[in-house]
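One structure below.
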């Protein structure tokens with residue numbers, strides 16, 4: 208048995224790889240088998256993270272395990288899907304037991320937090336990279352897509368933006384700051400919490416949705432394009448965290464929130480009539496603009512003046528994809 | 208729009224990425240959506256191919272596209288699943304239009320041959336590697352696993368073995384031979400034809416199955432282990448192609464057939480009473496041994512003497528996984 212087969216066995220023994228609902232057959236055969244209930248569709252998304260491109264070559268493997276699954280599960284949240292399972296294709300330059308153990312612990316913690324099971328994958332030798340494919344279920348016809356936004360809808364996000372991009376100078380050891388700010392920002396980068404419950408609550412209500420990975424303005428552009436509408440973002444309503452505002456000056460913080468990416472918060476459009484009930488139910492919903500006729504994305508100030516930046520501006524790992 | 212987003216759009220326009228049965232939503236949203244019929248399970252498998260490990264750094268991208276999907280689809284054949292769709296996570300050091308066009312043509316040709324649709328993926332910058340995840344459907348409870356072989360069953364394979372490993376010296380330009388032999392062996396390496404129809408024909412009949420990727424003896428060991436039985440392989444019944452026997456001497460050829468791997472033929476166990484009807488129906492089935500009580504795998508000669516090799520012997524790309 209080769210060392211890479213040992214790794215497969217190692218992952219197969221992880222708590223998140225044990226059998227569970229919907230998983231008829233897990234790791235160890237030629238394929239895994241998923242069972243679905245009648246009236247459900249399966250949502251599928253794949254993300255690759257490459258060392259030196261999407262994360263630093265030298266990083267904490269526990270945090271990498273968390274982040275790898277968290278960013279992929281966020282795509283399920285964006286569709287309103289209930290998380291079910293994932294596969295992991297892991298390419299490693301060498302086998303290091305300590306590294307694998309820490310990575311598996313991080314992966315497992317995120318998997319258990321998201322109620323997802325590891326059902327298979329592949330382990331190969333080569334430059335460090337990971338491809339995670341996630342699976343979730345959604346009632347047939349109720350998935351949240353990018354294409355249903357209608358003029359008159361509110362534009363909303365699920366929480367403060369910019370922390371992921373704000374954390375980058377800390378991730379790269381380019382800047383430092385006080386401990387509490389560092390901790391808050393790094394947690395948002397390394398342990399993104401996919402808004403799975405919010406996504407499910409928006410089924411049948413939001414007219415479009417996605418998770419913010421490329422940056423608010425760029426991702427709003429994806430909704431605008433898919434829905435054939437224009438999105439207006441009110442600059443002064445974009446929520447930002449205390450940590451971001453403590454770390455960055457006001458311009459830097461706004462730039463991170465508008466264009467930074469790596470937020471993994473949901474952005475969605477909602478008929479105005481549905482807002483009050485969702486807010487009353489306690490869902491974290493911040494109205495930051497509205498849908499109008501037209502195309503593209505506009506940024507406006509509190510007097511309604513167009514202040515759309517000419518460039519997206521923020522350089523970070525994802526720019527190189 | 209970055210160059211890697213252009214690539215995504217490029218793949219989205221491929222014939223194999225167009226909507227089709229079972230694919231409710233394809234490329235372009237946060238997730239793809241698959242619909243299944245009642246009474247079906249979804250079979251899922253993931254394989255990574257790394258340049259310099261699983262294929263030469265310099266190779267024909269058309270052939271690489273064919274091979275990448277073919278080897279993954281073979282896992283669906285091994286489960287008796289009907290192929291449905293796949294995702295592609297492609298990591299490239301740089302964007303080269305000619306390379307991408309040829310790769311996509313190869314991928315597309317295999318996808319159309321297997322009736323599979325490209326439903327999503329990711330495109331990233333980094334050292335060349337590919338992760339393909341394949342999806343197929345199988346009637347609930349009828350998937351062929353590795354764990355049902357019973358003493359008394361016949362051990363069978365779906366065709367000549369050893370060609371994939373026999374082709375390696377040609378793939379690596381280490382040896383040369385006459386054109387027809389070269390062509391036959393390289394075709395088996397670069398364009399493996401997953402035995403999808405055979406796998407489906409074996410549903411409810413074969414007691415265990417897998418596709419031979421690690422080598423006949425090693426893969427028989429997987430069935431023996433999962434089923435809690437012993438498999439006896441009759442050395443003189445292992446089928447080999449004319450091309451392999453023209454290229455290699457008898458010992459080399461047998462070694463490639465027993466231990467070479469990369470065959471992507473099905474190996475399966477079958478109650479003896481079911482053989483005649485399947486052969487009469489025209490399925491390519493070669494009986495090469497039988498299942499007995501015990502554990503592990505034994506190789507026997509035509510007098511029943513144990514001739515099991517002490518080592519697996521054949522070095523090739525997959526050994527490094």
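Chains as they are written, first to last, in the numbering used here: chain A, 208 to 528; chain B, 208 to 528.
Backbone N, C-alpha and C fix where the C-beta goes; we use that ideal spot for every residue, glycine too.
Quantities reported herein were computed from a predicted structural model and do not represent experimental measurements.
Bridge partners - residue i, DSSP secondary structure assignment
{"i": "residue 346/A", "result": "247/A"}
{"i": "residue 441/A", "result": "507/A"}
{"i": "residue 426/B", "result": "Answer is none; residue 426/B lacks a bridge partner."}
{"i": "residue 473/B", "result": "418/B"}
{"i": "residue 436/A", "result": "Answer is none; residue 436/A lacks a bridge partner."}
{"i": "residue 321/B", "result": "According to DSSP, which records beta bridges pairwise, residue 321/B is partnered with nothing at all."}
{"i": "residue 254/B", "result": "339/B"}
{"i": "residue 513/B", "result": "507/B"}
{"i": "residue 363/B", "result": "475/B, 494/B"}
{"i": "residue 242/B", "result": "248/A"}
{"i": "residue 259/A", "result": "According to DSSP, residue 259/A bridges with nothing at all."}
{"i": "residue 165/B", "result": "Nothing about residue 165/B can be reported from this structure: the residues present for chain B run from 208 to 528 only."}
{"i": "residue 328/A", "result": "295/A"}
{"i": "residue 232/A", "result": "240/A"}
{"i": "residue 227/A", "result": "230/A"}
Chain B contact residues for residue i, given Cβ-Cβ distances below 8 Å
{"i": "residue 286/A", "result": "236, 237, 238, 240"}
{"i": "residue 515/A", "result": "None at all; the shortest Cβ gap to chain B is about 17 Å."}
{"i": "residue 305/A", "result": "Those do not exist, as residue 305/A stays about 21 Å from chain B at its closest Cβ, beyond 8 Å."}
{"i": "residue 228/A", "result": "None at all; the shortest Cβ gap to chain B is about 14 Å."}
{"i": "residue 220/A", "result": "Result: empty, since nearest Cβ-Cβ is about 16 Å, beyond 8 Å."}
{"i": "residue 384/A", "result": "Within 8 Å Cβ-Cβ: nothing; residue 384/A doesn't reach chain B, min ~30 Å."}
Closer than 7 Å at the beta carbon, the chain A residues around residue i
{"i": "residue 253/B", "result": "294, 296, 327, 328, 329, 340"}
{"i": "residue 275/B", "result": "Neighbours of residue 275/B on chain A: none; closest Cβ ~12 Å, over 7 Å."}
Cβ-Cβ separation, residue j to residue i (assumed contact under 8 Å), whole Å
{"i": "residue 352/B", "j": "residue 420/B", "result": "Contact flag wrong, Cβ pair sits at about 16 Å."}
{"i": "residue 389/A", "j": "residue 296/B", "result": "Between residue 296/B and residue 389/A the Cβ distance is about 32 Å, and since that is not below 8 Å, they are no contact."}
{"i": "residue 473/A", "j": "residue 285/A", "result": "6 Å"}
{"i": "residue 411/A", "j": "residue 349/A", "result": "6 Å"}
{"i": "residue 345/A", "j": "residue 248/A", "result": "5 Å"}
{"i": "residue 275/B", "j": "residue 314/B", "result": "7 Å"}
{"i": "residue 338/A", "j": "residue 255/B", "result": "7 Å"}
{"i": "residue 469/A", "j": "residue 372/A", "result": "6 Å"}
{"i": "residue 237/A", "j": "residue 417/B", "result": "5 Å"}
{"i": "residue 393/B", "j": "residue 409/B", "result": "So it is not a contact: roughly 29 Å between Cβ atoms."}
{"i": "residue 384/A", "j": "residue 310/A", "result": "About 28 Å; that fails the 8 Å criterion."}
{"i": "residue 250/B", "j": "residue 240/A", "result": "6 Å"}
{"i": "residue 479/A", "j": "residue 430/A", "result": "With 8 Å as the limit, residue 479/A and residue 430/A do not qualify as a contact, their Cβ atoms being about 17 Å apart."}
{"i": "residue 362/A", "j": "residue 442/A", "result": "Going by Cβ atoms, the distance from residue 362/A to residue 442/A rounds to 13 Å, so no, they are not a contact pair."}
{"i": "residue 471/A", "j": "residue 260/A", "result": "Rounded, the Cβ-Cβ distance is 18 Å, inconsistent with contact."}
{"i": "residue 333/A", "j": "residue 498/A", "result": "Their Cβ separation, rounded to whole angstroms, is 45 Å, which puts residue 333/A and residue 498/A out of contact at 8 Å."}
{"i": "residue 365/B", "j": "residue 495/B", "result": "Not quite, the Cβ-Cβ distance comes to about 11 Å (not below 8 Å), so this is no contact."}
Chain-ordered neighbours of residue i on chain B, where CB pairs are closer than 9 Å
{"i": "residue 353/A", "result": "235, 236, 237"}
{"i": "residue 417/A", "result": "236, 237"}
{"i": "residue 344/A", "result": "Those do not exist, as residue 344/A stays about 10 Å from chain B at its closest Cβ, beyond 9 Å."}
{"i": "residue 388/A", "result": "Near residue 388/A there are no residues of chain B at all, since even the closest Cβ is about 30 Å away, more than 9 Å."}
{"i": "residue 414/A", "result": "The contacting residues do not exist; residue 414/A stays about 14 Å from chain B at best."}
{"i": "residue 404/A", "result": "Ordered by position in chain B, no residue passes the 9 Å Cβ test against residue 404/A, which lies about 16 Å from the chain."}
Listed by chain order, chain B residues near residue i by CB distance under 7 Å
{"i": "residue 231/A", "result": "248"}
{"i": "residue 157/A", "result": "In the structure displayed, chain A extends from 208 to 528; residue 157/A sits before or after that span and is not available."}
{"i": "residue 476/A", "result": "Simply none; closest approach about 14 Å."}
{"i": "residue 245/A", "result": "245"}
{"i": "residue 336/A", "result": "298, 333, 336"}
{"i": "residue 318/A", "result": "Simply none; closest approach about 16 Å."}
Partner residues on chain A for residue i, Cβ-Cβ distance less than 9 Å
{"i": "residue 408/B", "result": "Correct list: empty, because the minimum Cβ distance to chain A is about 17 Å."}
Neighbour list for residue i in chain A, Cβ cutoff strictly below 8 Å
{"i": "residue 431/B", "result": "Those within 8 Å of residue 431/B in chain A number zero; the least Cβ separation is about 14 Å."}
{"i": "residue 224/B", "result": "In chain order: nothing, as chain A lies at least about 14 Å away."}
**Item:** Contact between the segment 494-504 of chain B and the segment 423-443 of chain B (3+ Cβ pairs under 8 Å)
**Value:** Under the Cβ criterion (8 Å, minimum of three pairs), the segment 494-504 of chain B counts as touching the segment 423-443 of chain B.
**Message:** Quick test of the definition: if touching needs 3 or more C-beta pairs under 8 Å, does the segment 397-406 of chain B touch the segment 449-468 of chain B?
**Reply:** Segment contact: the segment 397-406 of chain B against the segment 449-468 of chain B, fewer than three CB-CB distances shorter than 8 Å; contact not assigned.
**Prompt:** Can you list the alpha helix (DSSP H) stretches of 4 or more residues lying completely in the segment 263-295 of chain A, in chain order?
**Reply:** Entirely contained in the segment 263-295 of chain A, the alpha helix (DSSP H) runs reaching 4 residues are, in chain order, 268-286.
**Segment contact, 8 Å Cβ cut-off, at least three pairs: the segment 439-452 of chain B with the segment 482-489 of chain B** = For the pair of segments examined, the segment 439-452 of chain B was found not to touch the segment 482-489 of chain B: the number of CB pairs separated by less than 8 Å stays below three.
**Asked** Are the segment 287-304 of chain B and the segment 357-377 of chain B in contact at 8 Å, needing three or more beta carbon pairs?
**Response** The segment 287-304 of chain B, when compared against the segment 357-377 of chain B, does not touch it at the 8 Å Cβ threshold.
**Request:** Indicate whether the contact test is met: 3 or more Cβ pairs, each with one atom in the segment 216-223 of chain B and one in the segment 299-315 of chain B, closer than 8 Å.
**Result:** With the cut-off at 8 Å, the segment 216-223 of chain B and the segment 299-315 of chain B touch.
**Item:** Secondary structure, alpha helix (DSSP H): runs of 4+ residues fully inside the segment 358-413 of chain B
**Value:** Counting only runs of 4 or more, we get 370-378, 386-397, 403-408.
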